[in-house]
Amino acid sequence: MILPVYAQINLTTGKTEDFPISEAYFKRYIGGKALAARLLLDLTPAGLSPFAPEMAVIVNTGPLNGTGAPSTSRFNVSSKNVLTGGIASSNCGGSFGMMLRRAGYEGLIITGKAEAPVRIDVSDGEISILDASELWGMDTEKVQEELPRHMGKLVIGPAGERMVSFAGLASGERMAGRCGVGAIFGSKNIKALTAYGTKKIPVANQQKFDKYIKKWVRFLRKHTMTGDSLPHYGSAGLVNKANASHALPTLNFQQGHDPLADTVSGETLAETRLTRNSGCVSCPIRCERRVMLDGKEVKGPEYETLGFFGPNIGAHDIDTVLRLNYVCDILGLDTISAASTIAFAMELGEKGMADFGLTFGDVSNLEETLRKIAGREGIYSDLANGSKWLSEKYGGKEFAMHSKGLEMASYEPRRSVGMGLGYATSNRGGCHLNGGYMALLESVGVLSIRPQDTRAKAQWTVFMQNALEAISTAGCCLFSGQTFVPQILFNLGPNHFVTRFLGQAAVLTGPVVRLILAVRPVMRFNTLLLLPHAEALRLATGLPFYTGSFLDLGERTFNIERLYNLREGLTGEDDSLPARLTKTPQNPEKKNTVVRLDKLLPVYYRTRGWDKSGRPRERTLKRLKMENEHG
Amino acid sequence: MAEVNIRYRGTLAGLINKEEERITAETVREVLAHIKTAYGAAAGKTAKSMLIVVDGESIHLRGGFATRLKEGETLQFLPICGGG
Ligand code: SF4
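Protein sequence lines, in the order shown, are assigned to chains A and B. The first sequence runs 2 to 632 under the numbering used here. The second sequence runs 893 to 976 under the numbering used here.
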């Protein structure tokens with residue numbers, strides 16, 4: 002068995018040593034966010050501030066990272082969440098993860114605090130802590146230009162240096178944006194991580210693996226989602242879809258539909274601004290869209306950024322979105338939290354509760370606002386703490402659009418109630434991906450499982466959360482999982498009676514999903530049609546991964562992060578949403594356009610095998626071979 | 893009968909070599925019939941399998957193919973997308 006190699010770096014003492022990962026941990030948690038959460042529980046005491054020197058930040062990979070399997074460039078950063086106080090896990094594409102593995106390490110555990118700015122360099126098995134004083138103050142683009150070209154890089158910008166609560170990390174033009182992981186780097190005086198190596202990444206059964214990869218790539222290319230839609234429009238294509246279903250947050254989630262949304266849609270972007278498509282290493286999907294900005298080609302915005310710097314702040318100018326997306330990236334700000342906090346501040350202003358000089362529809366001062374947030378200048382330092390903190394100071398808790406403290410993504414859950422449950426239960430806070438991304442099945446995809454109906458949504462949410470967590474932990478991009486929606490439905494289209502019938506009938510499938518969850522031990526098969534990652538993981542690790550045990554891995558990932566949250570004092574009470582979503586119908590004439598968390602949560606807890614307070618039951622942990630693994 | 897704007901996006905625009913036009917139709921079904929007659933069965937089939945929105949709203953929230961069209965409304969054919 003090829004066990005992962007981790008290093009522990011203490012920036013206070015300057016000491017670096019290899020950190021062995023036991024066989025038991027590897028078999029159970031594999032790597033990525035699952036293993037990182039386990040290590041955080043082991044290595045850090047409860048109640049630490051995210052900015053305490055003793056706090057650990059873990060940058061790690063999954064077993065498929067850099068193996069050449071499709072869409073496996075994604076690496077993970079875990080620590081304590083600056084915005085929620087629970088788990089932080091942030092995922093990023095680009096070459097850094099692959100380079101780290103080629104340099105000889107599957108993960109780095111960084112603790113302590115450097116006296117002055119540093120760059121941690123990992124080159125062919127050697128770890129060095131280098132002075133980075135001259136890099137401090139640079140934006141994420143400039144600092145990466147200054148670093149050696151051939152290296153994988155992970156850096157902070159001014160926002161991370163000033164410990165803005167939603168500062169992210171940049172790797173090339175990709176961001177590990179969420180949860181304030183950039184602020185944690187800043188608190189430790191880490192300006193950059195660099196990695197370079199030439200080591201071959203080992204795979205247990207290389208011949209079979211290579212053969213399987215070829216088959217998988219062909220499958221991805223043939224599927225409408227990964228072979229056509231994502232390569233053409235990326236996630237940006239969702240603006241018009243969400244809007245058509247009234248699931249596009251508009252004016253700080255006051256509405257879900259904006260008649261002018263097409264001005265910032267993926268189609269408009271593709272028709273008028275796109276220069277070419279691009280993508281992460283080893284990815285046949287290539288969902289990234291390049292655009293021109295001031296004569297320079299830059300990465301285009303994702304769906305979330307288009308929605309949040311568009312309709313959610315009452316704006317309809319695509320060039321403004323391109324600019325603000327770029328500005329956030331170079332400052333090292335998470336676009337979702339930054340834009341959502343701005344929308345909240347706009348509504349506070351509209352209601353006369355606070356004045357940050359921000360008004361719905363006025364984009365003239367937004368670039369300056371972002372720069373002031375990143376610099377924590379004056380009252381903008383308040384905005385730099387995120388919308389939860391802001392609502393505690395100025396009021397407006399019922400319309401501060403976060404869960405647990407992390408701003409929600411750009412799906413209006415009153416028209417996608419399963420997504421609402423996902424936001425509420427996601428371990429890192431209001432995240433659609435950790436939340437199970439039910440919006441894809443309810444409101445923005447080819448299938449539309451009765452968006453207002455609560456039946457079967459808890460069971461599907463659990464299934465989807467487990468599947469997405471497993472994909473992430475393995476080191477894959479979640480977009481590669483979208484092939485689980487059968488191709489036949491795309492051939493038929495959303496208007497075909499079969500597709501519509503399935504959307505209606507799916508609300509009766511709760512017991513079926515529970516059954517699938519229950520019979521996982523006998524699901525000893527792998528198929529490209531459901532979770533192709535399982536077979537790749539089996540061939541890469543030599544461990545018996547099948548569809549069932551792969552879903553177990555996802556469930557274990559979800560539970561270990563939950564245990565971290567519970568240890569840090571979060572409870573079932575924190576599985577919540579702002580009152581705007583649970584009490585105020587989006588459409589006053591349709592009383593069911595709210596998220597009935599009161600109905601959804603009990604079924605969700607039961608399906609998860611948690612008690613009424615949202616704590617995993619002993620028998621659940623035993624089933625997952627996690628007994629005796631409390632925080 | 894209402895005069896409506898039709899916008900063709902994604903593969904459909906390439907297939908019929910047209911991005912928009914104005915036609916007279918009473919329902920979405922009539923627009924689909926027009927596409928089939930004017931641009932052939934393949935275009936008709938593609939159009940039917942796309943996301944159809946009237947003034948930005950999915951026909952699923954209105955009357956499906958029977959959705960009645962009003963003067964000056966815009967009907968769009970959009971590709972199915974994904975992401976996250
Ligand atoms: S689908 Fe997009 S984000 Fe995912 S690995 Fe490929 S290019 Fe990167």
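Beta carbons: idealized from backbone N, C-alpha and C, even for Gly. None of these values were measured; they are calculated from a predicted model.
Item, Value
"Heavy atom of the ligand SF4 within 7 Å of residue 287(A) beta-carbon", "yes"
"Cutoff 8 Å: residue 943(B) Cβ touching any chain A Cβ", "yes"
"Interface partners of residue 940(B) on chain A, CB under 7 Å", "494, 496"
"Stretch pair the region 64-78 of chain A + the region 98-106 of chain A: three plus CB contacts closer than 8 Å", "yes"
"Distance CB(residue 74(A))-CB(residue 94(A)) smaller than 8 Å", "yes"
"Status (buried if at least 16 other CB within 10 Å, exposed otherwise) for residue 435(A)", "buried"
"Counterpart residues of residue 20(A) in DSSP-defined beta bridges", "7(A)"
"Under 8 Å (Cβ pairs) to chain A, residues found in the region 941-966 of chain B", "941, 942, 943, 944, 945, 947, 948, 949, 950, 951, 952, 953, 956, 957"
"Three-state secondary structure assigned by DSSP to residue 130(A)", "strand"
"7 Å Cβ cut-off: residues of chain B touching residue 245(A)", "943, 945, 948, 949, 950"
"is_contact[residue 592(A), chain B] using C-beta, thresh 8 Å", "no"
"Option nearest residue 964(B) by Cα separation, candidates 918(B), 910(B), 939(B), 911(B)", "918(B)"
"Near-chain A residues of the region 909-935 of chain B (beta-carbon distance less than 7 Å), N- to C-terminal order", "none"
"Contact set for residue 625(A): own chain, Cβ-Cβ below 8 Å, skip 5 residues either direction", "553, 556, 557, 560"
"Contact residues within the region 248-269 of chain A, judged by C-beta distance below 9 Å to chain B", "258, 259, 260, 261, 262, 263, 266, 267, 268"
"Near the ligand SAH: residue 93(A) beta-carbon under 7 Å from a heavy atom", "Looking for the ligand SAH in the displayed structure turns up nothing; the ligands present are the ligand SF4."
"Residues sharing a beta bridge with residue 611(A), DSSP", "617(A)"
"Bridge partner(s) assigned by DSSP for residue 321(A)", "In the DSSP output, where bridge partners are listed per residue, residue 321(A) has none listed."
"Residue 280(A): CB within 7 Å of a non-hydrogen atom of the ligand SF4", "yes"
"Straight-line Cα distance separating residue 27(A) from residue 120(A)", "29 Å"
"Cross-chain neighbours of residue 438(A) in chain B, by beta carbon under 8 Å", "976"
"Residue 970(B): contacting residues in chain A (beta-carbon distance under 9 Å)", "238, 241, 242, 245, 266, 268"
"For residue 913(B), the residue or residues it bridges with in DSSP", "898(B)"
"C-alpha distance - residue 368(A) paired with residue 322(A), whole-angstrom precision", "10 Å"
"Chain B within 8 Å of residue 422(A), Cβ atoms only", "no"
"Three-way DSSP call (helix, strand, coil) for residue 58(A) in this model", "strand"
"Whole runs of the beta strand (DSSP E) within the region 136-206 of chain A, excluding any shorter than 3 residues", "153-156, 170-172, 175-177, 191-197"
"Minimum Cβ-Cβ distance from residue 30(A) to chain B less than 8 Å", "no"
"Check: residue 329(A) C-beta below 7 Å from any heavy atom of the ligand SF4", "no"
"Residue range of the unbroken alpha helix (DSSP H) whose run includes residue 923(B)", "920-931"
"Residue 951(B) beta carbon less than 8 Å from that of residue 923(B)", "no"
"Any non-hydrogen atom of the ligand SF4 closer than 7 Å to residue 76(A) Cβ", "no"
"Contacting positions in the region 280-313 of chain A - beta carbon closer than 8 Å to chain B", "288, 303, 304"
"Inter-residue Cα distance where the pair is residue 262(A) and residue 948(B)", "8 Å"
"Contacts around residue 226(A), its chain only, beta-carbon distance under 6 Å, and the 5 residues preceding and following it disregarded", "483"
"Beta-carbon proximity check, residue 410(A) vs residue 430(A), cutoff 8 Å", "no"
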